[in-house]
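Asks: A single structure is presented below for examination.
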Amino acid sequence: MKARAAVCIGLAGVAVVLSYTVQRLVDAAGEPPLSSVLLSGTIAYYWRVGIALLHGVVVASVAAVGLSEDRAIAALRMLPVPVLGLGLLCVVAVLVVP
Amino acid sequence: MTPVSFALLERLHGHLGWLGLAVLAHPLLVLLRGRPVTRGTRLSAVIATALVVLPYALGWAIYPTYRTHIKPALIAAQLPVALRFESKEHLALFTVVFAVSGLATLLVSKRPEARRLATVLIGLGWVCGVLTGVLGIWVAAHAHGGW
Numbered sequence: 001m002k003a004r005a006a007v008c009i010g011l012a013g014v015a016v017v018l019s020y021t022v023q024r025l026v027d028a029a030g031e032p033p034l035s036s037v038l039l040s041g042t043i044a045y046y047w048r049v050g051i052a053l054l055h056g057v058v059v060a061s062v063a064a065v066g067l068s069e070d071r072a073i074a075a076l077r078m079l080p081v082p083v084l085g086l087g088l089l090c091v092v093a094v095l096v097v098p
Numbered sequence: 099m100t101p102v103s104f105a106l107l108e109r110l111h112g113h114l115g116w117l118g119l120a121v122l123a124h125p126l127l128v129l130l131r132g133r134p135v136t137r138g139t140r141l142s143a144v145i146a147t148a149l150v151v152l153p154y155a156l157g158w159a160i161y162p163t164y165r166t167h168i169k170p171a172l173i174a175a176q177l178p179v180a181l182r183f184e185s186k187e188h189l190a191l192f193t194v195v196f197a198v199s200g201l202a203t204l205l206v207s208k209r210p211e212a213r214r215l216a217t218v219l220i221g222l223g224w225v226c227g228v229l230t231g232v233l234g235i236w237v238a239a240h241a242h243g244g245w
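Those sequence lines, one after another, are chains U and L.
Here the first sequence is numbered in the numbering used here, starting from 1 and rising by one per residue.
Here the second sequence is numbered in the numbering used here, starting from 99 and rising by one per residue.
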């Protein structure tokens, strides 16, 4: 039970960061240059964070339902490496594409 | 929000953020060195995470004022600085998410595998936090010059 909870939390954390980064990259591809916008009607940042949190909850819920405790222990062993890799990739992405 | 209350909250936001990172270094070092995670370590992780979340919440509170009163002038006068602020706000979210999920992982399971995952999450949160703080100081110095 506790290993499964740890996996769900770890996956949720990465899902939030990944979802936020992908949303930002998609926005950046289609939005007008920052210097040409005086004031946007909505605060895109708040929306992106809200949607990313929602994705985190969904990923954690799916993992909680789909993972047995034994599988969770196996997943917990391999999770740190992809979490580190994806986390650093997202950091680089938001530094390169502000 | 008045200019004085904005300036006050902005400074609190920055100072509390650095304080949170300093406290977060304690559980991170304990985890990295492989020392036992005691009740005190868990407590310092809880306090550190609270000290990371609080300035983030302050940032949310002052953000609407920033975007109406400071951001347009910053974009017009110093676009590269405004773009660094955008990176800073993305990294601030990452800091909070990694710190909170690292703390939660540390609290829910005492398995060594969970400890390794918590180390990675808290470590990522700390690195993102330092980048956020450095960018914050750099942007603030450009947005409010010395004289």
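Cβ atoms here follow ideal geometry from the backbone N, Cα and C, with glycine treated the same way.
Taking only three categories from DSSP, how would you classify residue 140 (chain L)?
Replies: In the structure shown, residue 140 (chain L) sits in a helix (DSSP, three-state: H, G or I).
Asks: Assuming residue 124 (chain L) is part of the alpha helix (DSSP H), what are its boundary residues?
Replies: 101-130 is the span of the alpha helix (DSSP H), which, as asked, contains residue 124 (chain L).
Asks: Please confirm whether residue 207 (chain L) has its beta-carbon closer than 8 Å to some beta-carbon of chain U.
Replies: It does: the Cβ of residue 207 (chain L) has a partner Cβ on chain U nearer than 8 Å.
Asks: Can you tell me whether DSSP reads residue 245 (chain L) as helix, strand or coil?
Replies: Three-state DSSP puts residue 245 (chain L) in coil, outside helix and strand.
Asks: Please work out which residues of its chain come closer than 7 Å, Cβ to Cβ, to residue 110 (chain L), disregarding the five sequence neighbours upstream and downstream, and give them in chain order.
Replies: If we look at residue 110 (chain L) and ignore the five residues flanking it on each side, its Cβ neighbours are 156.
Asks: Tell me, please, whether the stretch 16-26 of chain U touches the stretch 63-77 of chain U by the rule of three or more beta-carbon pairs shorter than 8 Å.
Replies: Counting Cβ pairs under 8 Å, fewer than three are found: no touch.
Asks: Of the choices U:91, U:6, U:8 and U:14, whose alpha-carbon is the least far from that of residue 82 (chain U)?
Replies: Checked all of U:91, U:6, U:8 and U:14; the closest Cα to residue 82 (chain U) is U:14.
Asks: Quick check on residue 135 (chain L): does DSSP put it in helix, strand or coil?
Replies: It is coil, neither helix nor strand.
Asks: Is the shortest distance between the beta-carbon of residue 167 (chain L) and the beta-carbons of chain U less than 8 Å?
Replies: Chain U, which has no Cβ nearer than 8 Å to the Cβ of residue 167 (chain L), makes this no.
Asks: Of all the alpha helix (DSSP H) runs that stay within the bounds of the stretch 27-68 of chain U, which reach a length of 4 or more residues?
Replies: Listed in chain order, the complete alpha helix (DSSP H) runs (minimum 4 residues) inside the stretch 27-68 of chain U are 44-66.
Asks: Within 8 Å of any Cβ in chain U, is that where the Cβ of residue 202 (chain L) sits?
Replies: Yes, because at least one Cβ of chain U sits closer than 8 Å to the Cβ of residue 202 (chain L).
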